[in-house]
Each structure stands twice: as C-alpha cells, then as structure tokens.
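Some notes on the structure that comes next.
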Amino acid sequence: MKKLITIFMLIATISVVNSQNTNVRAQGNYYSAKSNFQSKNFEEALKYVNKCKAALLGTNRELQYLHILAAFKLNKYEEAAKELQTYFDMEEKKLKIVNFDKSVDRLSDDETKELSMLIDPILESAEHRKNNPCNRCNGSGLMKKSIACGDCSGRGNLREKCKVSECYNGKIDCNCQGCGNMDGVYKIYGCSEGKHSCDNESPWSSFGSAGSFRQWRRDCVRCDNGSYNCSKCKGTDYIDIDCNKCNNTGSVASAYEEVTCNKCYGKGF
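Heads up, the sequence shown is in my numbering, so the first residue is 113 and it goes up one at a time.
Structure representation (structure tokens):
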C-alpha cells in the first residue's frame with residue numbers, strides 16, 4: 113500500500129513539474145509574440161502565438177488578443193474572425209481557458225476595449241471578402257511575385273538572326289537605280305563605294321568627253337559606302353519575336369514567392 117501511495121505521489125509530482133515547464137515555455141513564446149507585435153512584426157507575432165498555443169495545449173484571453181489583432185493587421189480577416197469566435201466561446205464558457213501563471217499580466221481594460229471596437233470591422237471585412245473577392249488575387253490578398261522571364265531575360269521579346277537572304281550583318285549591298293542629277297536626266301546604273309556612276313547619255317555630254325562623265329561621281333541617296341541598313345532588322349542583324357513564356361511582358365510569376373496584391377493591397381477585395 114505504501115508503495116502504491118509513493119508511486120502515485122511521484123507521478124503527481126512529475127506531472128506538476130512537466131506542467132510548470134510547459135507553462136514557462138509557453139510564456140516565453142507569449143513574450144516573443146508580444147514583443148514582435150509591438151514592433152509591428154505581425155507575421156512573427158502569429159508564429160509565436162501558434163507556438164505558445166501548442167505548448168500550452170490551449171489558449172487564453174491574452175493569446176487571443178494578440179492572435180486576432182495580428183491577423184487583422186495582416187488583412188487575414190477570415191483567420192481574425194475565426195479567432196474572434198474562439199474568444200467569444202471562452203467568454204461564454206464554451207471553451208476552457210488555459211491561463212498563464214500570475215506573473216503574466218492579464219488583458220487590460222484598454223486592450224479589451226480595443227478588441228471590442230474591432231469586432232464589426234473584422235466580421236464585415238471577412239464577409240465582404242467572401243462576397244467580393246479581388247479578381248487578381250482571388251481574395252487571398254497575396255499574389256505571386258513577378259520575376260524576370262528566363263527565356264527573354266526580362267526584355268519582353270526574343271531575338272533571332274535576320275532571315276532576309278540579302279542581309280549580311282544587318283547590311284544589304286546597294287543596287288542603285290535611276291537617281292538622276294539635279295535635272296533628273298542622268299541615268300544611274302551602278303554603285304561603287306557609295307557613289308553612283310553616270311553613263312554617257314547625258315544631254316550635257318557636249319561639254320566633255322563621255323569618259324569624263326563616266327568617271328564623275330555623286331553621293332548615293334540610298335546607301336552609305338556601298339550598302340544600306342536592312343529594313344527588316346534595322347541594321348542590327350537581329351529581329352524581335354514574341355516571347356510566349358511571358359506574353360511579351362518581360363516577367364513571370366514566381367513559383368515560390370508571394371507578395372501583397374498590387375490591386376487590393378492585401379485586403380482581398
């Protein structure tokens with residue numbers, strides 16, 4: 113009999129010690145959550161709130177206050193509404209409250225008032241998002257982060273070599289035909305280093321030998337040094353074609369990273 117009593121007392125002692133250790137760990141998480149909340153690191157605050165609940169195996173008014181406000185600040189209205197209902201259930205004694213020890217300050221009157229003032233905004237925002245979701249983020253308030261398209265390197269199009277048969281390095285050899293002089297009577301038949309050669313059919317041939325006319329050169333109005341830019345590639349030797357991966361935008365959605373929706377600014381509606 114004495115052995116049974118001793119074993120029972122030992123088990124009870126171990127349970128109390130474990131419970132105390134759990135409470136201390138949970139309180140540490142709570143203080144981390146509160147510190148992050150006060151620093152406006154709301155995502156970190158939520159992370160520590162959830163850790164605290166797991167360690168505490170329950171929740172209380174102080175935790176629910178942090179959870180509700182942090183979720184609301186992050187535009188997570190559905191989550192805020194859900195945790196608000198948990199708070200109501202505790203107040204109506206439908207859910208057991210697992211308090212910290214007495215060293216942790218209880219929820220103040222001002223904090224209770226602040227929470228009460230957020231009840232309508234939280235519930236109305238959650239309902240509005242449900243009925244009128246943003247068509248860009250589908251009500252989540254988040255969208256995939258845009259990153260540079262890997263196919264076109266962010267240019268918005270692809271480049272390929274010009275396929276015009278006469279084009280070489282973006283240039284086409286000049287083939288001048290009939291540019292004429294100031295009276296429009298000279299017949300131009302060839303191009304040499306960007307200059308036209310004039311034939312001897314000019315009415316001005318009486319003023320000089322045919323050879324002198326043939327050797328006379330004037331600037332070509334079409335080319336520069338015997339060639340001109342290809343009209344297809346504009347002298348670059350490359351042409352732009354559509355990038356099907358990014359639809360010519362130069363960016364694609366990241367498969368991993370999300371950012372605040374730039375249409376609803378995270379509200380979801």
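Ideal Cβ positions, reconstructed from N, Cα and C, are used throughout, including at glycine.
Note that the structure is predicted; figures quoted are calculated from it, not measured.
Where the alpha helix (DSSP H) through residue i begins and ends
i: Leu175; result: Arg173 to Lys185
i: Lys163; result: Phe154 to Leu168
i: Tyr199; result: Tyr189 to Glu203
i: Glu369; result: Not the alpha helix (DSSP H): Glu369 falls in the beta strand (DSSP E), residues Ser363 to Thr372.
Nonlocal neighbours in the same chain, by C-beta distance under 7 Å from residue i, ignoring five residues either side
i: Lys225; result: none
i: Cys355; result: Cys261, Asp263, Cys264, Gly268, Asn269 and Leu270
i: Leu196; result: Ile180, Ile231 and Ile234
i: Asn373; result: A small fix is needed here, since residue 373 is Cys in this sequence, not Asn. Correct list, in chain order: Cys246, Arg248, Cys249, Gly253, Leu254 and Met255.
i: Asn211; result: Asn172
i: Phe154; result: Ala182, Lys185 and Leu186
Proximal residues to residue i (C-beta, below 6 Å), its chain only, five neighbours per side dropped
i: Asp140; result: The question names Asp, yet the displayed sequence has Gly at residue 140. Result list for Gly140: empty, nothing under 6 Å.
i: Val276; result: Cys342 and Lys344
i: Asn148; result: Glu156 and Ala157
i: Ala138; result: Cys164, Ala167 and Leu168
Cβ-based burial, residue i [other Cβ within 10 Å; buried from 16]
i: Ala238; result: buried
i: Asn200; result: The question names Asn, yet the displayed sequence has Phe at residue 200. Exposed, because fewer than 16 other Cβ atoms sit within 10 Å of the Cβ of Phe200.
i: Ala182; result: buried
i: Val136; result: exposed
i: Glu174; result: buried
i: Ala166; result: exposed
i: Arg241; result: buried
i: Tyr142; result: buried
In DSSP terms, what residue i is bridged to
i: Asn341; result: Lys283
i: Lys256; result: Glu370
Where the beta strand (DSSP E) containing residue i begins and where it ends
i: Asn269; result: Asn269 to Lys273
i: Leu227; result: Element bounds for Leu227: not the beta strand (DSSP E) but the alpha helix (DSSP H), Asp221 to Met229.
Residues near residue i by beta carbon distance below 8 Å, same chain, minus five either side
i: Glu223; result: Tyr177
Does the region 339-357 come into contact with the region 201-220, if we say contact requires no fewer than three beta-carbon pairs (one atom in each stretch) closer than 8 Å? no
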